[in-house]
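Student: What follows is a single structure, and I will ask about it in a moment.
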Amino acid sequence: MQTNTLTKIGEKEERRRLILTLGRGYSGKTLWSRWLVEAMHARGVSPVAADADNITHGLSRHNDGALRLGSEPDALATWWRTLTTNGSELAGRPVVVDFSPDKGLIRSVAVSGSDFADRHAALGFDVTKVFFSAPDVGDAVTFANAGTSVTATTTLLVLNGGAVGTRKSDRFDAVLAHPAVRQAVETGARVVRMPELHLDPNKTGEIANFTALVEGEPGEADAASFERHAVRTWLGRMEEVFAPFHWELALG
Numbered sequence: 511m512q513t514n515t516l517t518k519i520g521e522k523e524e525r526r527r528l529i530l531t532l533g534r535g536y537s538g539k540t541l542w543s544r545w546l547v548e549a550m551h552a553r554g555v556s557p558v559a560a561d562a563d564n565i566t567h568g569l570s571r572h573n574d575g576a577l578r579l580g581s582e583p584d585a586l587a588t589w590w591r592t593l594t595t596n597g598s599e600l601a602g603r604p605v606v607v608d609f610s611p612d613k614g615l616i617r618s619v620a621v622s623g624s625d626f627a628d629r630h631a632a633l634g635f636d637v638t639k640v641f642f643s644a645p646d647v648g649d650a651v652t653f654a655n656a657g658t659s660v661t662a663t664t665t666l667l668v669l670n671g672g673a674v675g676t677r678k679s680d681r682f683d684a685v686l687a688h689p690a691v692r693q694a695v696e697t698g699a700r701v702v703r704m705p706e707l708h709l710d711p712n713k714t715g716e717i718a719n720f721t722a723l724v725e726g727e728p729g730e731a732d733a734a735s736f737e738r739h740a741v742r743t744w745l746g747r748m749e750e751v752f753a754p755f756h757w758e759l760a761l762g
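Taking the numbering used here, the leading residue of the sequence shown gets 511, the next gets one more, and so forth.
This is how it looks when you write it as structure tokens:
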């Protein structure tokens, strides 16, 4: 029977990983969260998937078991307490949160004047903050206004050149030059360039499970063959790019 906030394997205490995806809408948060949840399952890890957007479906659209934030009064407190309490169903499992870009929501969780990482360390969590940016300096401003309010054990700044609606003429140079981003990098945040999935966004949204899609025969001539090839290539590149961060992402 679980009696404390830490999972024990023999005499060893295993800390849980709390992974927060932050950034503006259409910056790649949900796509990446879907990939991470599938990558965990492929390794025999059973994550807790959570959708923090109570207006539109994010991760919960593709994951039936995702815990979605409701819109009723006090929903946030109940939802967050469920995620960070080691009940019988959640104990020991890493938590992947696809966050809404709502600054108020983020600041409700990252209470002003408190240290997010320290508070959750007491609950048995190590925190990874993953902030997404398109090649648009506006995303750096979002990071300064909302992303920096969440302190974390580890911070990854993901540059997503395939983000929907980005101004392709802009470069990530302006994002990286922003004072808030530059300070984050100087204090230990690491920059990762996320591979682009070369599919129409609407088509991507229709794919229920990337791993299941690519299990079709490589030479199979059907309507999904192009999608299979694009997703198979993307999955391989994602594994390669995020391989250095397996520990921070609870991938072993």
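Idealized CB from N, CA, C, for every residue including glycine.
So what's L763 in DSSP terms, helix, strand or just coil?
Tutor: Residue 763 is absent from the structure shown; the chain starts at 511 and stops at 762.
Student: Of the residues E582, V741 and N670, which one's Cα is nearest the Cα of A650?
Tutor: On the sequence shown, position 140 is the one that residue 650 refers to. Checked all of E582, V741 and N670; the closest Cα to A650 is N670.
Student: Three-state secondary structure (DSSP) at R454?
Tutor: Residue 454 cannot be examined here, being either before or after the span of the chain that is shown, 511 to 762.
Student: Closest to G602 by C-alpha separation, out of A644, L633, V619 and A684, would be which residue?
Tutor: Taking the first residue of the sequence shown as position 1, residue 602 is located at position 92. The candidate whose alpha carbon is nearest that of G602 is L633.
Student: Is the Cβ-Cβ distance between R747 and V724 less than 8 angstroms?
Tutor: Position 237 of the sequence shown, counted from the first residue, corresponds to residue 747. Position 214 of the sequence shown, counted from the first residue, corresponds to residue 724. Cβ distance not < 8 angstroms, so R747 and V724 don't count as in contact.
Student: What does the alpha-carbon distance come out to for the pair L593 and D646?
Tutor: One-based indexing of the sequence shown puts residue 593 at position 83. One-based indexing of the sequence shown puts residue 646 at position 136. If I take the Cα positions, the gap works out to 32 angstroms.
Student: Determine the contact status of T658 and A690, defining contact as a CB-CB distance below 8 angstroms.
Tutor: Here residue 658 refers to the residue found at position 148 of the sequence shown. Here residue 690 refers to the residue found at position 180 of the sequence shown. A contact, by the Cβ cut-off of 8 angstroms.
Student: Roughly how many angstroms lie between the CA atoms of L709 and G623, to the nearest whole one?
Tutor: By 1-based counting over the sequence shown, the position of residue 709 is 199. By 1-based counting over the sequence shown, the position of residue 623 is 113. So the two alpha carbons sit approximately 43 angstroms from each other.
Student: Just the C-alpha distance for L667 and R553, rounded to the nearest angstrom, thanks.
Tutor: Position 157 of the sequence shown, counting from 1, holds the residue named residue 667. Position 43 of the sequence shown, counting from 1, holds the residue named residue 553. If you take the alpha carbons of L667 and R553, they lie about 24 angstroms apart.
Student: Counting pairs of Cβ atoms below 8 angstroms between the region 537 to 552 and the region 581 to 596, do you hit three or more?
Tutor: The answer is no - the region 581 to 596 does not touch the region 537 to 552, with fewer than three Cβ pairs under 8 angstroms.
Student: Run the CB neighbour count on A740, radius 10 Å, all protein chains shown included, and call it buried at 16 or more, exposed below.
Tutor: To locate residue 740, count along the sequence shown from 1; it is residue 230. By the 10 Å Cβ count, A740 comes out buried.
Student: Could you tell me the boundaries of the beta strand (DSSP E) in which R527 lies?
Tutor: As a working note, residue 527 is residue 17 in the sequence shown. Note, R527: beta strand (DSSP E), R526 to L532.
Student: What residue range is occupied by the uninterrupted beta strand (DSSP E) comprising V701?
Tutor: Reading the sequence shown from its first residue, position 191 is the one you call residue 701. R700 to M704 is the extent of the beta strand (DSSP E) around V701.
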